[in-house]
Amino acid sequence: MNISHLLTEIAILACGGIITIAVAYTLVKNDFKQYFKLAKPDERSQIKLQLLPLRLQAHERLVVFIERINPANLLLRLHEPGISLAGLQSAILNEIRSEYQHNIAQQLYISSATWDVVSKLKDDTLAMINNAVKTLPEDAQGVDLSRKVLQYMTNMEKNPYDLTLSIIKKDIHQLF
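Structural data, given as structure tokens:
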């Protein structure tokens, strides 16, 4: 009889211990999750909310960058009456590089694919200007370069500046 009484006592104590542990677990479960950083969705959503204005600002600045290096806008802004071919070429190349350097940190807030497209557009614009200069005679003026580049742009099937802007817009829509 002693053994059955002992087993009964052990069973009662075991059940009481299990119930005590279960109640204690339910009371401190959230504290454990927070302690072990298992409940991070709130922190992540706060970080995303804090980064959203920076990401939107980066996209806005890249839109301005693209508009500023678009030859249609760039040539109007930099052209001066009587400017030499070399003078206009130098001004254009310096302006594009300066604008790019001014916006280089924006790559932190946009997708890598979008930044690659923007960077390639800058490189293609520089190449287009340099190639246009190579096709002009040595005695050409800045106005000839402007005419040549704008003529090249009108012959393009798809405007790369508009395509890049649409990629940036898609990137923005993915934020929401």
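Throughout the sequence shown, residue numbering follows this note's numbering, covering 134 to 309 in sequence.
Ideal Cβ positions, reconstructed from N, Cα and C, are used throughout, including at glycine.
| Query | Result |
| --- | --- |
| Extent of the continuous alpha helix (DSSP H) to which Asp272 belongs | It is not in any alpha helix (DSSP H) - Asp272 carries neither H nor E in the DSSP assignment. |
| Three-state secondary structure assigned by DSSP to Ser231 | helix |
| Which of helix, strand or coil DSSP assigns to Ser299 | helix |
| Per-residue DSSP class, three states only, for Ala172 | Its pLDDT being 46, under 50, Ala172 is placed unreliably in this model, and the value from its coordinates should be taken loosely. DSSP places Ala172 in coil when its eight states are reduced to three. |
| Proximity test, Cβ basis, 8 Å: Val156 and chain D | The displayed structure is made up of one protein chain only, and chain D is not part of it. |
| Of the listed residues Lys267, Glu290, Tyr294 and Pro293, nearest to Lys281 (C-alpha basis) | Lys267 |
| First and last residue of the uninterrupted alpha helix (DSSP H) at Pro214 | Neither: Pro214 is in no alpha helix (DSSP H) and is coded neither H nor E. |
| Buried/exposed call for His121, threshold 16 Cβ in 10 Å | Nothing about residue 121 can be read from this structure; the chain reaches only from 134 to 309. |
| Local Cβ density within 10 Å of His192, reported as buried at 16 or more and exposed below that | buried |
| Reference Arg194; option with closest CA among Ala157, Glu213 and Tyr233 | Tyr233 |
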